[in-house]
Amino acid sequence: DTNFLDISDPKAVLETAFRNFSCLTEGDVFTFLYNATTYEIAVLEVKPQGDKKAISVQETDLEVDFA
Numbered sequence: 114d115t116n117f118l119d120i121s122d123p124k125a126v127l128e129t130a131f132r133n134f135s136c137l138t139e140g141d142v143f144t145f146l147y148n149a150t151t152y153e154i155a156v157l158e159v160k161p162q163g164d165k166k167a168i169s170v171q172e173t174d175l176e177v178d179f180a
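Residue numbers for the sequence shown, in our numbering: 114 to 180.
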């Protein structure tokens with residue numbers, strides 16, 4: 114198994130993966146393929162937190178923390 118954080122530039126990989134999504138919701142789990150490996154990423158929290166617990170990721174700079 115390859116740990117996602119062992120990728121040389123995980124932020125760039127996520128930025129590319131996020132292009133396939135228009136929004137992220139707390140509790141979502143999304144998958145993407147990178148270098149013939151499928152990764153699953155869970156959305157643990159979104160900010161700013163609204164009543165829908167969702168954010169648009171179109172034309173947005175995202176800050177990502179790894180838990």
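The C-beta atom is built at its ideal place from N, Cα and C for all residues, glycine as well.
Quiz item: Going by the beta-carbon positions, is the gap between residue 147 and residue 126 smaller than 8 Å?
Solution: Yes, they are a contact pair.
Practice problem: Ignore the nearest five residues each way along the sequence and tell me which others in residue 111's own chain have a CB closer than 7 Å to its CB. | Solution: Since the first residue shown for the chain is 114 and the last is 180, residue 111 is missing from the structure and cannot be characterised.
Practice problem: Spatial neighbours of residue 156 within its chain, please: CB distance less than 7 Å, with the 5 preceding and 5 following residues excluded, ordered by chain position. | Solution: Sequence-distant partners of residue 156 (beyond 5 residues in either direction) whose C-beta falls short of 7 Å from its own C-beta, in its chain, are 137, 138, 139, 140, 141.
Quiz item: Just the Cα atoms here: how many angstroms apart are residue 107 and residue 129?
Solution: What is shown of the chain runs 114 to 180, which leaves residue 107 out entirely.
Quiz item: Relative to the C-alpha of residue 120, which residue among 133, 151, 158 is closest?
Solution: It is 151.
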